[in-house]
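When you line the sequence shown up against our numbering, it's residues 157 to 316, in that order.
Beneath this line is the structure, given in structure tokens, with notes to follow.
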Amino acid sequence: MSKQKKQFLPIALDITDKKILIIGGDEDAYKKLKILQRSTNLIEVIAPQIISWIKNSGVVYHEKQYSKEVLKDYFLIYSCVEDPAFVRQLMRDTKEAGVLLNVHDQPDFCEFVSPAIYKHSNISVAVSSNGEDVYESIRMRNQLKDYFENYQLQKQLIAN
Ligand SMILES: C[C@@]1(CC(=O)O)c2cc3[nH]c(cc4nc(cc5[nH]c(cc(n2)[C@H]1CCC(=O)O)[C@@](C)(CC(=O)O)[C@@H]5CCC(=O)O)C(CC(=O)O)=C4CCC(=O)O)c(CCC(=O)O)c3CC(=O)O
Ligand SMILES: NC(=O)C1=CN([C@@H]2O[C@H](COP(=O)(O)OP(=O)(O)OC[C@H]3O[C@@H](n4cnc5c(N)ncnc54)[C@H](O)[C@@H]3O)[C@@H](O)[C@H]2O)C=CC1
């Protein structure tokens, strides 16, 4: 029987005073950290080895193996670990703890996916392809970004 296609709902979550955990300490984790830092400072990283870019980014980090006891302290979990056995166990742990999981670049394992975002003050434009075509999401976000930046520029020109 063919697998049912996933459906993702685009929403905006209240993350005020809520901590987010990134599991993994390499370049992928760093990229995810930089994206999340546009929206919050309440991010922590856990991994046995953490690159210096992460350590120097002002984030709280824990240089040790992940264990499921930590999950209760966080609102969202982003995993940037590739090991499939690790991911399978993490999916069981997050389900048990009732916390939502994103697995970097692996939509089949994601309970939520990250859209491509353009943010200007209070306005956010988020583009998602239902997890199907991230490059199209990024392309469309960039076009919308150009549109909004031109729009801002035109408004300024008219005002002056
Ligand atoms: C499903 C999803 C799950 C998730 O990760 O949440 C997912 C999946 C995959 N990404 C892949 C590749 C890359 N993704 C990026 C970048 C971003 N990816 C993001 C989101 C998502 N990526 C979710 C879908 C969103 C939607 O619905 O459209 C963005 C928008 C947001 C963010 O990550 O926060 C962020 C841009 C941030 C920004 O520009 O602001 C780059 C570029 C880079 O990293 O520089 C590369 C190439 C380098 C690399 O390979 O890493 C591949 C392999 C594809 C292939 O090779 O064919 C898969 C797997 C697959 O498509 O099946
Ligand atoms: N069982 C398998 O098939 C495995 C395959 N791989 C393959 O190896 C390649 C890359 O391997 P790595 O760079 O070692 O990637 P990795 O995914 O093992 O590690 C990425 C990051 O996650 C961290 N990490 C690993 N285990 C962790 C844990 N238990 N708790 C918290 N953080 C943890 C690491 O410190 C690192 O910073 C990939 O292509 C992957 O597919 C890697 C591990 C196991």
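Glycine residues also receive a C-beta, built at the ideal position from the N, C-alpha and C atoms.
Remember, predicted model here, so these are calculated numbers, not experimental data.
Ala185 and Ile210 do touch by the CB rule: their CB atoms are close to 6 Å apart, below 8 Å.
Rounded to the nearest whole angstrom, the C-alpha separation of Leu198 and Asn278 is 19 Å.
Proximity of the stretch 169-185 to the stretch 278-294 falls short of the contact definition, fewer than three beta-carbon pairs being nearer than 8 Å. Proximity of the stretch 227-239 to the stretch 254-262 meets the contact definition, three or more beta-carbon pairs being nearer than 8 Å. Following the DSSP letters along the chain, one finds Ala241 inside the alpha helix (DSSP H) bounded by residues Pro240 to Ala253. Contact between Leu309 and Tyr274 is ruled out by a C-beta separation of about 15 Å, above the 8 Å threshold. DSSP, reduced to helix, strand and coil, places Ser208 within a helical segment of the structure shown. Taking every protein chain shown into account, the CB of Ser284 has 16 or more other CB atoms within 10 angstroms, so this residue is buried. In the three-state reduction of the DSSP assignment, Ala282 falls in the strand class, which pools E and B. Assignment of beta-bridge partners to Tyr274 by DSSP yields Val281. Within the same chain, and ignoring the five residues on either side of Phe265 in sequence, the residues whose Cβ sits closer than 7 Å to its Cβ are Val243, Met247 and Val259. Taken atom to atom, the span from the alpha-carbon of Asp182 to that of Gln205 is near 8 Å.
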